[in-house]
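J.: Its first residue numbered 30, the sequence shown is counted upward by one per residue in the working numbering.
Glycine included, each C-beta is placed from N, C-alpha and C at the ideal position.
Values in this document were obtained by computation on a predicted structure and should not be read as measured data.
Quick one: structure below, then a few questions.
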Amino acid sequence: MNNFLIVLKKELKDIFRDRKTIIFSILLPILVFPLIFNVMFKGMEDTSKKATENINIAIKGDKNSSINNILKSQENITIKDVEDPSKELKDGNIQLIIDIPKDFDKQIAEGKKVDVQMLVDESSNNSSVASSFVEHLFNGLSDKIVADKLTAANINPDILKPFEVTVKSGVSEGDINPLAATFMNMIPSLIIILMISPTLAIAADLGAGEKERNTLEPLLSTSCNRNSLLWGKIVAMSIVSAIALVLSLGSMYFAMQKLPGLEDGFSLSLTPASFSFILLISLLLLVAICSLETCVSVYAKSVKEAGTYLSGLITPFMILSYVPVFMDAKNTSMLIFNIPVANSVALMKEVMAGVFNPTHMGIVFAWHVAYVVLAVLCAKYMFSKEEVVFRA
Numbered sequence: 030m031n032n033f034l035i036v037l038k039k040e041l042k043d044i045f046r047d048r049k050t051i052i053f054s055i056l057l058p059i060l061v062f063p064l065i066f067n068v069m070f071k072g073m074e075d076t077s078k079k080a081t082e083n084i085n086i087a088i089k090g091d092k093n094s095s096i097n098n099i100l101k102s103q104e105n106i107t108i109k110d111v112e113d114p115s116k117e118l119k120d121g122n123i124q125l126i127i128d129i130p131k132d133f134d135k136q137i138a139e140g141k142k143v144d145v146q147m148l149v150d151e152s153s154n155n156s157s158v159a160s161s162f163v164e165h166l167f168n169g170l171s172d173k174i175v176a177d178k179l180t181a182a183n184i185n186p187d188i189l190k191p192f193e194v195t196v197k198s199g200v201s202e203g204d205i206n207p208l209a210a211t212f213m214n215m216i217p218s219l220i221i222i223l224m225i226s227p228t229l230a231i232a233a234d235l236g237a238g239e240k241e242r243n244t245l246e247p248l249l250s251t252s253c254n255r256n257s258l259l260w261g262k263i264v265a266m267s268i269v270s271a272i273a274l275v276l277s278l279g280s281m282y283f284a285m286q287k288l289p290g291l292e293d294g295f296s297l298s299l300t301p302a303s304f305s306f307i308l309l310i311s312l313l314l315l316v317a318i319c320s321l322e323t324c325v326s327v328y329a330k331s332v333k334e335a336g337t338y339l340s341g342l343i344t345p346f347m348i349l350s351y352v353p354v355f356m357d358a359k360n361t362s363m364l365i366f367n368i369p370v371a372n373s374v375a376l377m378k379e380v381m382a383g384v385f386n387p388t389h390m391g392i393v394f395a396w397h398v399a400y401v402v403l404a405v406l407c408a409k410y411m412f413s414k415e416e417v418v419f420r421a
């Protein structure tokens, strides 16, 4: 135990002594997340505002209809007279083409159903936002036409809407926030990604880096046994990764509080049991991943080679972490709970949704114990082979 603590202390000192590790693994994520979220949503707000402030439209067909008049009455809508509306739409000079059938008002007065086409450029955000705005105007005009006809026939227009449907959460207090629900679905995947990312540079340095500096051989020649060396490196990586994860999630959480649509706050209602189980699964997976990364780093001849191998190792993990993101947390297939990494995310989603399925928890826990055992045995084997450790 003393040897392990000495190695752990030495590795942690080496890691935190490297300014690049501190900056890129710990400090950078803290600064990046608020910046990314603010820039992203500010851009979305600006795009939406710009698209609705000045909407350029071309009219085809009946240019003297009530639809034309309501469009003209809007200060933010300009009707352009262009020779080739399709080309102007494609070039971005106009946002919409409104095709109004001839004798629109006459047909409406006769009680006929008229088809008004709104042509948009689906590749343009401005066109999509403008179409939503104009569609809302048209729906208002349609409701007014129907209401006027009913009133003329001495019928209360409210008969068209005999009841209102209000959607609220049936499992928690307050209104439903779709944006908050989306972020909640993404958090388990983000935990995996943020947990893995800081370990790449550290893992490459702890094995291959020591080979390059010629410090691994002297370390192996000391009285400290290789198990203590191995566990010291694995635990050191895990500690730094856990610190980076907590700081990154904390930064992300506070950044979310200021996002449009989350002005009322973004709350995480986790019970102590939920939090404990998420922490346990995360730590087991982290130890397994750090052990595999140690295998790769010890095998590699150089830091550059280790970085190449580690990128190939981690990429499938990151892809698997996204597999359950858009799956229903309460109806996940049993197959997902048997897929590495994906089972971690699926179980975290279940626990965060308040579902404690003993079968799922048992399967995932057993798999994670197996991951740790196999990964550590693999790391021990690689660390015990002289031809691997001294490979050059």
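Would Leu339 and Ser326 be called neighbours here (beta carbons separated by less than 9 Å)?
T.: Position 310 of the sequence shown holds residue 339. Position 297 of the sequence shown holds residue 326. Against a cut-off of 9 Å, the Cβ pair of Ser326 and Leu339 comes out as a contact.
J.: Using 9 Å as the threshold, is the C-beta distance between Ala233 and Lys330 below it?
T.: Position 204 of the sequence shown holds residue 233. Position 301 of the sequence shown holds residue 330. Result no, Cβ atoms of Ala233 and Lys330 do not sit closer than 9 Å.
J.: Whose C-beta lies closer than 8 Å to the C-beta of Asn214 among residues of the same chain, with five residues either side of it excluded?
T.: Along the sequence shown, one-based indexing puts residue 214 at 185. Around Asn214: Val354, Phe355, Ala358 and Lys378.
J.: Hey, how far is the Cα of Ser422 from the Cα of Gly90?
T.: As shown, the chain starts at 30 and ends at 421. That puts residue 422 outside it, with no answer to give.
J.: From what residue to what residue does the beta strand (DSSP E) around Val504 run?
T.: Any question about residue 504 goes unanswered here, given that the chain covers just 30 to 421.
J.: What residue from Leu276, Ile310 and His397 has the CA that sits closest to Leu57's CA?
T.: In the sequence shown, counting from the first residue as 1, residue 57 sits at position 28. Looking at the Cα atoms, Leu276 is the closest of the given residues.
J.: Can you list, in chain order, the residues of its chain with a C-beta nearer than 7 Å to that of Glu241? Leave out the 5 residues immediately preceding and following it.
T.: Your numbering for residue 241 matches position 212 in the sequence shown. Answer for Glu241: Ser331 and Val332, listed in chain order.
J.: Within the segment 347-389, note down every full beta strand (DSSP E) run reaching 3 residues or more, in order along the chain.
T.: Listed in chain order, there is nothing to give.
J.: Counting pairs of beta carbons, one from the segment 411-421 and one from the segment 238-257, are three or more of them closer than 8 Å?
T.: With a cut-off of 8 Å, the segment 238-257 and the segment 411-421 count as touching, because enough Cβ pairs lie within range.
J.: Please state whether DSSP places Thr323 in a helix, a strand or coil.
T.: Looking up residue 323 in the sequence shown gives position 294. Helix, per DSSP.
J.: Of all the options Phe62, Ser218 and Pro227, which has the alpha carbon lying nearest to the alpha carbon of Ser373?
T.: As a working note, residue 373 is residue 344 in the sequence shown. Among Phe62, Ser218 and Pro227, the Cα nearest to that of Ser373 is on Ser218.
J.: For the candidate residues Gly383, Gly140 and Val402, whose alpha-carbon lies nearest to that of Val175?
T.: As a first step, residue 175 must be located in the sequence shown, where it is residue number 146. Nearest C-alpha to Val175: Gly140.
J.: May I have a chain-ordered list of the alpha helix (DSSP H) segments no shorter than 4 residues that lie completely inside the segment 78-128?
T.: Within the segment 78-128, the complete alpha helix (DSSP H) runs of at least 4 residues are 95-101 and 114-120.
J.: Please state the DSSP three-state secondary structure of Phe419.
T.: On the sequence shown, residue 419 is found 390 positions in, with the first residue counted as 1. It is coil, neither helix nor strand.
J.: By Cβ distance, which residues of its chain are closer than 8 Å to Val145, with the 5 residues on each side in sequence left out?
T.: Residue mapping note: residue 145 aligns to position 116 of the sequence shown, counting from 1. Within the same chain, Val145 has close Cβ partners Ile96, Ile127, Asp128, Ile129, Pro130, Phe133 and Phe167.
J.: Which word fits Leu321, buried or exposed, when buried means at least 16 other C-beta atoms lie within 10 angstroms of its C-beta?
T.: Residue mapping note: residue 321 aligns to position 292 of the sequence shown, counting from 1. Buried is the call here.
J.: Considering just the uninterrupted stretch of the alpha helix (DSSP H) at Leu229, what are its terminal residues?
T.: Start at 1 with the first residue of the sequence shown, and residue 229 comes out as number 200. Per DSSP, Leu229 belongs to the alpha helix (DSSP H) from Thr228 to Ala233.
J.: With 16 as the cutoff for other CB atoms within 10 Å, does Ala408 come out buried or exposed?
T.: As a first step, residue 408 must be located in the sequence shown, where it is residue number 379. Buried, by the Cβ-count rule.
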